[in-house]
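Novice: Under this note's numbering, read the sequence shown as residues 611 to 856, first letter to last.
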Amino acid sequence: MNRELIFLRAFAFTAVIGIVFLTASAFKKDGNQKFTEIDVERINIVEKDGTVKMIITNVDKFPTGEDKINGSPTNKTRKKRSGMLFFNEDGIECGGFIYDGQKNQNGHSSGLSLTYDQYDGDQVMQILTQDYKKGDKRVVSSGLYFNDRPSKESQLKTGEIMAELNQIKDPEAAQKKYKEYEQQGLIGGAPRMMLGKTKDEHNGLFLFDSKGKPRARFCVDKNNEAKLDFLDDNGNVTSSFPEKKK
Numbered sequence: 611m612n613r614e615l616i617f618l619r620a621f622a623f624t625a626v627i628g629i630v631f632l633t634a635s636a637f638k639k640d641g642n643q644k645f646t647e648i649d650v651e652r653i654n655i656v657e658k659d660g661t662v663k664m665i666i667t668n669v670d671k672f673p674t675g676e677d678k679i680n681g682s683p684t685n686k687t688r689k690k691r692s693g694m695l696f697f698n699e700d701g702i703e704c705g706g707f708i709y710d711g712q713k714n715q716n717g718h719s720s721g722l723s724l725t726y727d728q729y730d731g732d733q734v735m736q737i738l739t740q741d742y743k744k745g746d747k748r749v750v751s752s753g754l755y756f757n758d759r760p761s762k763e764s765q766l767k768t769g770e771i772m773a774e775l776n777q778i779k780d781p782e783a784a785q786k787k788y789k790e791y792e793q794q795g796l797i798g799g800a801p802r803m804m805l806g807k808t809k810d811e812h813n814g815l816f817l818f819d820s821k822g823k824p825r826a827r828f829c830v831d832k833n834n835e836a837k838l839d840f841l842d843d844n845g846n847v848t849s850s851f852p853e854k855k856k
């Protein structure tokens with residue numbers, strides 16, 4: 611009996627030492643681990659102090675809703691998608707890469723977006739592709755976009771403002787409140803330039819004013835005609851080159 615007890619104690623001690631060694635080896639900080647193939651749902655790239663700098667994720671693990679990254683809440687209204695999110699040295703989200711695509715009852719819908727944000731704000735540059743099919747009609751647009759953003763914009767404040775606006779049931783009252791925040795430079799923004807293909811099959815360069823209204827375009831239309839148009843504040847063509855034939 612004593613011999614068996616001694617054997618069991620020795621075996622247990624040896625097993626514990628082995629487990630500790632294997633665990634320490636698996637989680638050692640120094641050196642690189644090499645994998646031929648790995649399946650993972652989400653990867654968080656972090657600095658030594660724990661600050662998250664990049665997230666690579668599938669749809670289910672995409673941070674949204676009540677999730678917090680670097681102590682800050684994430685966008686509650688954002689749709690979950692596969693892709694990547696980028697964070698700056700202060701731990702603030704500063705851009706991302708997302709994509710999706712699937713068949714639906716009408717045909718299909720897919721898209722891709724690569725964005726870079728203004729500091730503590732929303733996107734000032736974006737590469738965007740949209741592709742959807744409804745019945746026999748397929749619409750594809752893609753382009754490089756540059757946007758203006760409010761000077762006093764912050765992601766946390768924007769979230770608070772949008773939550774407040776969503777609680778206002780009267781559309782006119784909500785629009786009035788939106789304008790007030792917009793005049794304060796807290797929300798808003800406008801597209802200023804797009805280089806690419808529009809939904810109506812115009813390929814070219816498109817310029818917008820500070821209100822986001824189209825003011826000039828140099829493009830080749832779907833009829834393979836090249837033209838340069840200038841537009842007024844209401845979107846009417848004021849002059850063109852070459853001039854339209856009467």
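For glycine and all other residues, C-beta sits at the position ideal for the given N, C-alpha and C.
#1: Pair every Cβ in the segment 684-695 with every Cβ in the segment 705-713, then say whether three or more of these pairs are closer than 8 Å.
#2: Please state if the CB of Asn757 and the CB of Pro801 are separated by a distance shorter than 7 Å.
#3: Checking 7 Å against the spacing of the C-beta atoms, do Ser720 and Gly711 come in under that value?
#4: Where do the N-terminal and C-terminal ends of the alpha helix (DSSP H) with Asn776 fall, by residue?
#5: Specify the secondary structure class of Lys762 as computed by DSSP and reduced to three states.
#6: Following the continuous beta strand (DSSP E) through Lys807, name the residue where it begins and the one where it ends.
#7: Classify Leu841: buried if its beta carbon has 16 or more other beta carbons within 10 angstroms, exposed otherwise.
#8: By how many angstroms is the C-alpha of Met735 removed from the C-alpha of Glu763?
#9: Pick helix, strand or coil for Tyr791, following the three-state DSSP scheme.
#10: What does a CB cutoff of less than 8 Å around Ile702 pick up in its chain, not counting 5 residues either side in sequence?
#11: Gln839 lies in the beta strand (DSSP E); which residues open and close that run?
#12: Can you give, in chain order, each stretch of the beta strand (DSSP E) that sits fully within the segment 693-749 and has at least 3 residues?
#13: Could you tell me whether the segment 770-783 touches the segment 732-750, where touching means 3 or more Cβ pairs closer than 8 Å?
Specialist: With the given structure in hand:
#1: yes
#2: yes
#3: yes
#4: 765-776
#5: Lys762 carries a coil assignment under DSSP once its states are collapsed to helix, strand and coil.
#6: 800-807
#7: buried
#8: 16 Å
#9: Note: Tyr791 maps to helix in three-state DSSP.
#10: Asn680, Ser682, Tyr729, Asp730, Gln765
#11: What sits at residue 839 in the sequence shown is Asp, not Gln. Residues 836-841.
#12: 703-713, 717-727, 733-744
#13: no
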